[in-house]
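Peer 1: Provided herewith is a single structure, encoded as structure tokens, for subsequent inquiry.
Chains as they are written, first to last, in the UniProt record's numbering: chain L, 1 to 335; chain U, 1 to 335; chain B, 1 to 335; chain V, 1 to 335.
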């Protein structure tokens, strides 16, 4: 059993990490912390009462280093790199769920803030196993992708080799409200979003550069990515509808199947995908179809699992040389 | 008071027609029918108990002609043209909410079925007032647009003059469940669509040719329209997210405002639109923004009102020379 | 036209008052205020853009008195009595939507706070028209009932004459989230209440004494009232399920019909009631059935209309001698 | 590993049985059937694609007997007893999720239909482990309780010894829509129940006699049970609000804790319970409080798990002498 820690256990992704790690056959959750500390996990998350009982500490890197080999950071960006750099110096491997290690320095500083751990930034592996598996294996710091880039990249990357020159990609993403986190805002007030839907930060959302950077990194090709997120009246789940033009008509299901046939957590579907078939799991379900040279791709994930916590544990499995599927949720909540 | 009739009162759009027409200052609802008949409107729609009490007849064109000058048809396509042709022969003006008079003959027969009233088809005005006002004024048969084309066309038509040559339009439409009608299906079962979202008939939906035809008709330009409808867990309301490329960067709000500044039922918004601000009204709210040459347009309507029943009554107002806003709902249900 | 004012226009009930009063044939909305002021009504409520455009003032009783004959107060309790007492002194009639004038002094101070306008408290009429119509007519200060007491009292009062001696009443109330107001709280976060239901303040809720007091006042009988409110994942609407024991078996529909047959805003139903048939209206729909001596009553209202704003305007209609139904919403939003 | 079978795998409870049994450490799911057969489990339930792949047979008792020692029947009542009697004759133990073995003969025939397996009816143990554990251990036919009686009985049974003589119990139950099953009906149409709530079969629901019978059986006391189920806009989960009068005031939490302190699947809570804390688990969360002699109890379960499938597997664990918690879901889906 490898001892692991969670720093940032009060939010939704923290809760999901607790649920996965306490059931995992090879990880032992030995340390849980928040920035406040001094509580118990069942007080933070009453649904855990009688199932998981653990003290929640005030986060302290040196305490983590005494007991754990891997730390999962579910912290806000900026705070996260502070802990990550300390933990790495102390020899603890890090799976970071924040944005802090996802982008190259320039892009990060353009879209977030000044980076305070440039030393480790260049070492970080982007934790999308299907495309960065080998780099993840050798890294001690994993930048777990955001939910939007995860669903978008898994859907569109297979088609980058076929994209029509100089045409943009349009990503129309729809996210459940849990993606906005636990903090109170008028947007997440029930009355605002129930029976409603709206775009936010259209085209200017900071996930667009993350997606464009990874396309460039993997295919050495610069593509214009237009990303429009929408909030939908759903608790969890995310659907990305992706539109692009290809040089030639092709069978998109075949393209997907040839790339993903051996992937344990991508399911190529013959019909439009839905979020209920993946909510509760680490699966990304993908469907695609063409109209002439225009391609429509639909990809669905659980934003808190494949888009955060379960993908983080898959990355930890890879680091440790375990089977990627070990202890990873596969049974959807449906109905 | 002009006497009017509704044929097809059992569905959601029939109910909305009853509500608007019984409150209208210049129309008097004198005849209501369904294909079965022999009931009362308050039995069909228990919420009307104590407010509207009317006999519901078995639909009969000659009875309509005896009492009404205008008939609203809220019937399935194919059935609708049967009644419409009889009514027109008997001198009754028709506002048809079905698809039967929306398309040119070839397109109609390619996407629906054989047309049995080609005589009146060529007379029909497409009932989108902002673009077909003059033709509507002189017509006795109005093809009321579907909800998807209404929201799509109002959003994209202002930008057709600026579109980049040979580039497609992508419409990512999201509809509330009432758009699927009252009939039972596994798709409209609460457990299927609650906490869910999915595309259906992607790219192959028959509203794409309707949109393309109107673009061609108004701007004599052929544009590839890729239309992907999604079902969302919302009762009423529709949001269309439209993606296209323009020849040059421009101020899209200015384009919208210059075209719609005198339109009573289009509101150009400075922020992304939402469906709750229009649900319960005939408004179409529109927002647009650009990223380089890529344009994102967001347009929202109430699918049962602007997408069906209230737009139908606006068309009747135009036919009769009334102010277009007469008796038309403008106050959203929100919260 | 009688000039009227709204003080407290930023919340949900304030919005509903604006919608009703701007459509009312005999009231003219001349003054709208909030405690902050210096905005417009369409900025506070963007759905009103293009429909209602009015300046929103910083609330000032003497300004109200210059222009309006009746003021609707949609303010928090305590704040409300401050304004009400000033307005009354200045000759403005008041319909108060807060709790401040609903209870007798002792009860009020036991459940809320010290009362600072005892002078007018004893004059106040309880604004439940079906039972207090005559007193309302002669009053200049109306205490508009809360949503919970409105739905509860209309359901149970008809059966008080038949109640089994010394048996309690149990009220299981279910309220949509708009009843909790616009302020942010973890309870109204979408993720908390979506796919959920829970009781709050069970048995100890302060609406129980309000209900008990009115029973005592009307029937000179003291009944134990156990009131348990639940929050449900619905934006608007309230259902009260009431359980009590009667001395003898009787036909409860007959009891309801004989009492309410001439009431314009109570509909006695032959089947269990639902909230969608009343949402958007001032109706209270009621159904009742017995099992031996045990009675089940189900009553449904729109919590923001019959439970607040439209009932307030009915009370203003009564004060002014208008028909009670004048300008009052009767058409449900359904579907 | 004990080989087990599921007959009736197409519905929601069938799906939950598949999910639990394929993860169970001591049961091996060897046979799955529906009345139609000739499909695969992943076709019936697309979310299982890539996770569970099994042929689905046309149900045949003799085939079951060849391969399985225990059969779970998730069939409609009446159909179920047909299969159960055959299976029992063939030596297969049965956990029946239908109503067929829950009631004594007279009651069953009064509320359902003629019973065709009276031979085994008298042997059946009522599968509520907390109160029938010993009988379950020795039985070969278990009548798995319905969701309504499970939540109701666990909440109210601890207080039966203290009930005030000759006073009724009122149960106000709220069920998510999955409780109505997969079949299409106007009640389960999204537009009907979204943003709505209503009672159905009030006071006359056939779960009342089931509850009354078990009270009588366990405490030899006849109590009037008034049961009113409500449908709420939630997919899964059930909340029962129970009202009763006690002889004396007492500490209800103490009563609950003393009875349930060693129960693995009942959690006594100090605050009103909610369904999200139990959805996804076999837990029943219970809270209670008093007002004088009036008692309010609130109990919450997942209607498909504790109210059906996971309780069925707990019963199978008991039959086999396993730890009751073996393979039973304990981690709620929340958020």
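For every residue, glycine included, the Cβ atom is placed at its ideal position computed from N, Cα and C.
On a predicted model such as this, the values are computed, not experimentally measured, just so you know.
Closer than 8 angstroms, CB to CB, is residue 283/B near chain V or not?
Peer 2: Indexing the third chain from 1 puts residue 283/B at position 283. So no, residue 283/B is outside the interface.
Peer 1: Just checking: is the beta-carbon of residue 49/V within a distance shorter than 8 angstroms of some beta-carbon in chain L?
Peer 2: By 1-based counting over the fourth chain, the position of residue 49/V is 49. Chain L, which has a Cβ nearer than 8 angstroms to the Cβ of residue 49/V, makes this yes.
Peer 1: Mind checking whether residue 85/V and residue 120/V have CB atoms under 8 angstroms apart?
Peer 2: Position 85 of the fourth chain, counted from the first residue, corresponds to residue 85/V. Position 120 of the fourth chain, counted from the first residue, corresponds to residue 120/V. Yes; because the gap between Cβ atoms is below 8 angstroms, this pair is in contact.
Peer 1: Cutting at 7 angstroms between CB atoms, please list the residues of its own chain near residue 155/U, excluding the five before and the five after it.
Peer 2: Position 155 of the second chain, counted from the start, is the residue given in the question as residue 155/U. Once the five neighbours on either side are set aside, the close Cβ partners of residue 155/U are 240, 242, 286, 297, 299.
Peer 1: Look at the alpha carbon of residue 302/U and the alpha carbon of residue 176/L, and state the distance between them as a whole number of angstroms.
Peer 2: The residue you call residue 302/U lines up with position 302 of the second chain. The residue you call residue 176/L lines up with position 176 of the first chain. Whole-angstrom Cα-Cα distance: 22 angstroms.
Peer 1: Taking contact to mean 3 or more Cβ pairs, one atom from each stretch, closer than 8 angstroms, check whether the segment 256–275 of chain V and the segment 188–199 of chain V are in contact.
Peer 2: Counting Cβ pairs under 8 angstroms, fewer than three are found: no touch.
Peer 1: Which residues does DSSP pair with residue 73/L in a beta bridge?
Peer 2: On the first chain, residue 73/L is found 73 positions in, with the first residue counted as 1. Bridge partners of residue 73/L: 7/L, 96/L.
Peer 1: Taking C-beta to C-beta, are residue 368/V and residue 14/L nearer than 8 angstroms?
Peer 2: Only positions 1 to 335 of chain V appear in this structure, which leaves residue 368/V out of reach.
Peer 1: Can you give me the C-alpha to C-alpha distance between residue 36/L and residue 57/L, rounded to a whole angstrom?
Peer 2: By one-based count along the first chain, residue 36/L stands at place 36. By one-based count along the first chain, residue 57/L stands at place 57. Taking the straight line from one Cα to the other gives about 8 angstroms.
Peer 1: Cβ closer than 8 angstroms: which chain L residues qualify as neighbours of residue 195/B?
Peer 2: For the purposes of this step, residue 195/B is taken as residue 195 along the third chain, with counting starting at 1. By Cβ distance, chain L contributes 235.
Peer 1: 8 angstroms is my cut-off, CB to CB: does residue 299/L come that close to chain U?
Peer 2: Residue mapping note: residue 299/L aligns to position 299 of the first chain, counting from 1. False, the Cβ-Cβ gap to chain U never drops below 8 angstroms.
Peer 1: Please classify residue 110/U as buried or exposed, where buried requires at least 16 other C-beta atoms within 10 Å of its C-beta.
Peer 2: In the second chain, the residue the question calls residue 110/U occupies position 110. Exposed, because fewer than 16 other Cβ atoms sit within 10 Å of the Cβ of residue 110/U.
Peer 1: Alpha helix (DSSP H) containing residue 287/B: first to last residue?
Peer 2: The count along the third chain starts at 1 and reaches residue 287/B at position 287. No alpha helix (DSSP H) contains residue 287/B, which is instead part of the beta strand (DSSP E) from 284–291.
Peer 1: I'd like the span of the beta strand (DSSP E) that includes residue 226/U, first residue to last.
Peer 2: Here residue 226/U refers to the residue found at position 226 of the second chain. Per DSSP, residue 226/U belongs to the beta strand (DSSP E) from 225–231.
Peer 1: Tell me, please, whether the CB atom of residue 178/B is closer than 8 angstroms to any CB atom in chain U?
Peer 2: Position 178 of the third chain, counted from the start, is the residue given in the question as residue 178/B. Taking Cβ atoms only, chain U reaches closer than 8 angstroms to residue 178/B, which makes this a yes.
Peer 1: Any Cβ of chain D within less than 8 angstroms of the Cβ of residue 31/U?
Peer 2: As a matter of chain content, chain D is missing from the structure shown, whose protein chains are L, U, B and V.
Peer 1: Counting contacts by CB-CB distance shorter than 8 angstroms, is residue 191/V in contact with chain L?
Peer 2: For the purposes of this step, residue 191/V is taken as the residue at position 191 of the fourth chain. Taking Cβ atoms only, chain L never reaches closer than 8 angstroms to residue 191/V, which makes this a no.
Peer 1: Report yes or no: do three or more beta-carbon pairs, one from the segment 210–217 of chain B and one from the segment 139–159 of chain B, lie closer than 8 angstroms?
Peer 2: Yes, the segment 210–217 of chain B touches the segment 139–159 of chain B.
Peer 1: Quick one: using the 10 Å Cβ neighbour count with 16 as the cut-off for buried, is residue 25/B buried or exposed?
Peer 2: In the third chain, the residue the question calls residue 25/B occupies position 25. Exposed, by the Cβ-count rule.
Peer 1: For residue 7/L versus residue 64/L, is the C-beta spacing smaller than 8 angstroms?
Peer 2: Start at 1 with the first residue of the first chain, and residue 7/L comes out as number 7. Start at 1 with the first residue of the first chain, and residue 64/L comes out as number 64. Yes. Within cutoff.
Peer 1: Give me the subset of the segment 1–17 of chain L whose CB atoms are less than 8 angstroms from a CB atom of chain V, sorted by chain position.
Peer 2: If the cut-off is 8 angstroms between Cβ atoms, the segment 1–17 of chain L has 12, 15 near chain V.
Peer 1: If you pair each beta-carbon of the segment 191–208 of chain V with each one of the segment 74–94 of chain V, do three or more pairs fall below 8 angstroms?
Peer 2: Short answer: they don't touch.
Peer 1: By Cβ distance, which residues of its chain are closer than 7 angstroms to residue 272/B, with the 5 residues on each side in sequence left out?
Peer 2: In the third chain, residue 272/B corresponds to position 272, counting from 1. 287, 298.
Peer 1: Leaving out five residues on either side along the sequence, give the residues of the same chain with a beta carbon under 8 angstroms from the beta carbon of residue 162/V.
Peer 2: Here residue 162/V corresponds to residue number 162 of the fourth chain, with the count starting at 1. So the qualifying residues of the chain are 246, 247, 248, 250, 255.
Peer 1: Give a yes or no on whether the minimum CB-CB distance between residue 292/U and chain L is below 8 angstroms.
Peer 2: Locating residue 292/U in the second chain gives position 292, counting from the first residue. It does: the Cβ of residue 292/U has a partner Cβ on chain L nearer than 8 angstroms.
Peer 1: Under a Cβ-count criterion, where at least 16 other Cβ atoms within 10 Å of its own Cβ denotes burial, should residue 100/V be classed as buried or exposed?
Peer 2: As a working note, residue 100/V is residue 100 in the fourth chain. Label assigned to residue 100/V: buried.
Peer 1: Helix, strand or coil for residue 81/B, going by three-state DSSP, please let me know.
Peer 2: Here the question's residue 81/B lines up with position 81 in the third chain. In the structure shown, residue 81/B sits in a helix (DSSP, three-state: H, G or I).
Peer 1: Counting only the same chain and skipping the five closest in sequence on each side, list residues whose C-beta sits under 8 angstroms from that of residue 337/B.
Peer 2: No information on residue 337/B is available, as it lies outside the stretch 1 to 335 that chain B covers here.
Peer 1: What residues from the segment 134–154 of chain L come within 9 angstroms of chain B, judged by C-beta to C-beta, listed N to C?
Peer 2: Listed by position along the chain: nothing, the set is empty.
Peer 1: Quick one: which chain V residues come within Cβ less than 8 angstroms of residue 62/U?
Peer 2: On the second chain, position 62 is the one that residue 62/U refers to. Residues of chain V passing the Cβ test: none, with the nearest at roughly 33 angstroms.
Peer 1: Is there a Cβ of chain U sitting closer than 8 angstroms to that of residue 70/L, yes or no?
Peer 2: Stepping through the first chain from its first residue, residue 70/L is reached at position 70. Not an interface residue.
Peer 1: Anything in chain B within Cβ reach of residue 188/L, meaning under 8 angstroms, just list it in chain order.
Peer 2: As a working note, residue 188/L is residue 188 in the first chain. Simply 189, 190, 191.
Peer 1: Roughly how many angstroms separate the alpha carbons of residue 277/V and residue 71/V, rounded to a whole number?
Peer 2: Counting from 1 along the fourth chain, the entry for residue 277/V is found at position 277. Counting from 1 along the fourth chain, the entry for residue 71/V is found at position 71. Straight-line Cα distance between these residues: approximately 30 angstroms.
Peer 1: For residue 1/U, is the classification buried or exposed, using 16 other Cβ atoms within 10 angstroms of its Cβ as the cut-off for buried?
Peer 2: Here residue 1/U is taken as the residue at index 1 of the second chain, counted from 1. Under this definition residue 1/U is an exposed residue.
Peer 1: For residue 309/L, which residues in the same chain have their Cβ closer than 7 angstroms to its Cβ, ignoring the five residues on either side in sequence?
Peer 2: Here residue 309/L refers to the residue found at position 309 when the first chain is read from its first residue. Counting only Cβ-Cβ distances below 7 angstroms, and skipping sequence neighbours, we find 13, 16, 17, 20.
Peer 1: Is DSSP giving residue 344/U helix, strand or coil here?
Peer 2: No answer is possible for residue 344/U: it lies beyond the span of chain U, which begins at 1 and ends at 335.
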